[in-house]
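Take the sequence shown: its position 313, counted from the start at 1, is 541 in my numbering, and no numbers get skipped.
Each residue gets a CB set at the ideal place from its N, CA and C atoms; glycine is no exception.
First comes the structure, then the notes that go with it.
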Amino acid sequence: MSAKILQKVFLHFFYFMKEILMAKKFSFTGIKRIEIPKTDLDFNVEDFGLSILVKYMPSILSTHKQNSEKIEYLWNYKNGIQDILEKQRPFLKSFLANNIVIENHASRQVDFKTALATSERRDYTIKPDVKNSKEIQDDITYFYRYQTDTNFYGKDKDLKEWIFTTGIGITYTCPRTDIITQKDGIYNFATLEDGYDINSEAPFEFNTLSPIDNFVVYSSSRNKQPLFCVSIVEVEKDETANVTTINKQKEIHIETRYASFILNSTMSFGSLNNYNLEKIKIHNYLPMIEYSANISRIGIIEKNKELFDSINSLVSTMLDIVVDGSNLILIFKNTDVDKKTIENMKDAGALIINDNPAKQNSVADVDTLKISVPIDSFNVYYEQRIKQADDIVGVASPSGQVTSGGDTGQARLLGGGWNNAYTIILNEINSFLIGDYEELKLILYICNLFPDNPINKLKASMIDIKYRINQNDNFLVKAQGIMNLYTVNMPKEEILKASGLFSDVGAVAKKWQENDDMVNEQKNKTTSISETKLNNNSQE
229 MSAKILQKVF
239 LHFFYFMKEI
249 LMAKKFSFTG
259 IKRIEIPKTD
269 LDFNVEDFGL
279 SILVKYMPSI
289 LSTHKQNSEK
299 IEYLWNYKNG
309 IQDILEKQRP
319 FLKSFLANNI
329 VIENHASRQV
339 DFKTALATSE
349 RRDYTIKPDV
359 KNSKEIQDDI
369 TYFYRYQTDT
379 NFYGKDKDLK
389 EWIFTTGIGI
399 TYTCPRTDII
409 TQKDGIYNFA
419 TLEDGYDINS
429 EAPFEFNTLS
439 PIDNFVVYSS
449 SRNKQPLFCV
459 SIVEVEKDET
469 ANVTTINKQK
479 EIHIETRYAS
489 FILNSTMSFG
499 SLNNYNLEKI
509 KIHNYLPMIE
519 YSANISRIGI
529 IEKNKELFDS
539 INSLVSTMLD
549 IVVDGSNLIL
559 IFKNTDVDKK
569 TIENMKDAGA
579 LIINDNPAKQ
589 NSVADVDTLK
599 ISVPIDSFNV
609 YYEQRIKQAD
619 DIVGVASPSG
629 QVTSGGDTGQ
639 ARLLGGGWNN
649 AYTIILNEIN
659 SFLIGDYEEL
669 KLILYICNLF
679 PDNPINKLKA
689 SMIDIKYRIN
699 QNDNFLVKAQ
709 GIMNLYTVNM
719 PKEEILKASG
729 LFSDVGAVAK
739 KWQENDDMVN
749 EQKNKTTSIS
759 ETKLNNNSQE
């Protein structure tokens, strides 16, 4: 690569990267956890914490506004609204010479991670030490039906997409109100006669919410207990206003374990007023749960943003150079021409030049200057940036980009980053499980509010939640390893753990043992029958 080409490329690159880094810079990493110096007991008082809300809501909403702007920016970035759109070419004003290419690796990485975590439905399995496992399994069967009824896994996929994109995700779970009937002034729960089947239809609503307008406030005490949740909705300030001049304001809904409140605000949260106690709650729970994949609450976009920007800038600048190089630069020697003359000659398809009479003994001539583009050097740098971005967040390389030092299956997996992807997603699942168990507790709590609900023995502590991450690489090798370990009488659970093929090792080991017992029992029966026949023949 020539020095002039390198200088031109990195000059473009430097000016653009300097501009976007200055334009899109947040003063904090991750999404801030909003905390106040109060505990849950402070809200179980006469005014249900109204005085606390009046004192702290201005600062809470100020922090949320910063979070909200960042979350919205990261979400839009994933959807293709990226900093490369602001690209300008230094020294060139014409937009025709300014090429902009968005290679949306942000979306690719988020989609990969979301699919890796949610493409297989996770298992809710009974822990080995739980008694009455048959009755508990019946409860789990009903729980699975409720998940189907609420489209639980489709909404869970949306939740993981929010988490991987922005760093956090929000769920909202509450009892259904449409299954409460009223007759003669008496409220009851709907029955099969009313069109509601409690054996197959969930008594709760489950939804994934946008963290742009929904968040949880925590205690700053040691246990960081959630205190209340907030939802922000845009409403019309004056319903009689002209359609073309709609005046909007924010309506802020706050819910603690003991009561719910509503207040109004300007669109910028500059003024808060009309704090109203909406209702006192009979059942003490928080419907909103906040998820994250790590303690820093940082998503894929923020981790890799500089690399995404550099890839977009590199590809766009490369295209600029290709376009520049495809247009020959004409160099006229010893002749006088103007722009109009050159355009006329191009239209005619021929060049006619005359010697410059002001210069003696000079001969008119035309040379061409063409820029050659070293594609290979660009490709190496480009692939390095993509590989680095994939490795940081645990994304396996796309087909065709895998390179490794050997041709075995394991070498290809290492070269493609699959082992790294498994390691990182399993670590992130440990963070997901914190929210998953809170969600399970909340669902079971709501189910127990309904007297005829079939889920009446299941507790969250009885359950292991198992994500099913496909690790079927080198399947034949692992199967052979299982057989070898089985022949030396290694415990079945330890064999299955070593293979890494199964998410629920305990359940598979139990089924394996049951199958072995059945085979051995059948074998013993066959042996007993054969011995009986042999003895009878001997006596004859």
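Q: Flag this pair as yes or no: are the beta carbons of F497 and K293 separated by less than 9 angstroms?
A: yes
Q) How about N712: is its C-beta nearer than 9 angstroms to some C-beta of chain B? A) The structure shown contains no chain B; it is built from a single protein chain.
Q: Put Y374 into one of helix, strand or coil per three-state DSSP.
A: helix
Q. Shortest alpha-carbon distance to T353 belongs to which of K738, E749, K753?
A. K738
Q: For the alpha helix (DSSP H) containing S296, list its first residue and its last residue.
A: 278–306
Q: Specify, as a first and last residue, the run of the beta strand (DSSP E) that T409 falls within.
A: 408–411
Q: Kindly indicate which residue of I482, E363, E389 has the alpha-carbon position closest to the one of V338.
A: E389
Q) When the distance is taken between beta carbons, is Y519 closer than 9 angstroms to I396? A) By the CB criterion at 9 angstroms, I396 and Y519 fall inside the cutoff.
(Q) Taking the alpha-carbon of E433 as reference, which of S459, V543, K385, Q375 has the nearest alpha-carbon? (A) Q375
Q: Just the C-alpha distance for S632 and I460, rounded to the nearest angstrom, thanks.
A: With a pLDDT of 46 at S632, under the threshold of 50, the predicted position of this residue should be treated as unreliable, though the coordinate-derived value follows. Roughly 51 angstroms separates the two Cα atoms.
Q: Look at T479 and S499 and say whether their C-beta atoms are less than 9 angstroms apart.
A: Just to set this straight, residue 479 is Glu in the shown sequence, not Thr. Cβ distance not < 9 angstroms, so E479 and S499 don't count as in contact.
Q: Have a look at P682, I517, P454, N427 and flag the residue whose alpha-carbon is nearest the alpha-carbon of I384.
A: Before going on, a small fix: residue 384 reads as Asp here, not Ile. Cα-wise, what sits closest to D384 is I517.
Q. Based on the DSSP output, what are the partners of M718 in its beta bridges?
A. Paired residue(s): none; M718 is not in a bridge.
**Q.** Segment contact, 8 angstroms Cβ cut-off, at least three pairs: the segment 708–728 with the segment 364–373
**A.** no
Q | Close Cβ partners of H511 (< 7 angstroms) along its chain, the five nearest in sequence each way excluded | A | L677
(Q) Can you check which of these residues, F380, P431, F392, is closest to A343 by C-alpha distance? (A) When only C-alpha atoms are compared, the closest one is F392.
Q. Are the CB atoms of N327 and Q316 nearer to each other than 9 angstroms?
A. Taking C-beta atoms as the reference points, N327 and Q316 fail to come closer than 9 angstroms.
Q) With DSSP run on the structure shown, which of helix, strand or coil describes E749? A) helix
Q) Is the beta carbon of T401 sitting closer than 9 angstroms to the one on L686? A) Contact flag unset, no.
Q: Look at the alpha carbon of F380 and the alpha carbon of D664, and state the distance between them as a whole number of angstroms.
A: 12 angstroms
Q. Mind checking L668: buried by the 16 CB within 10 Å criterion, or exposed?
A. Looking at its Cβ environment, which holds 16 or more other Cβ atoms inside 10 Å, L668 is buried.
Q. Looking at C-alpha atoms only, which residue of R450, S727, I652 is the closest neighbour of G709?
A. S727
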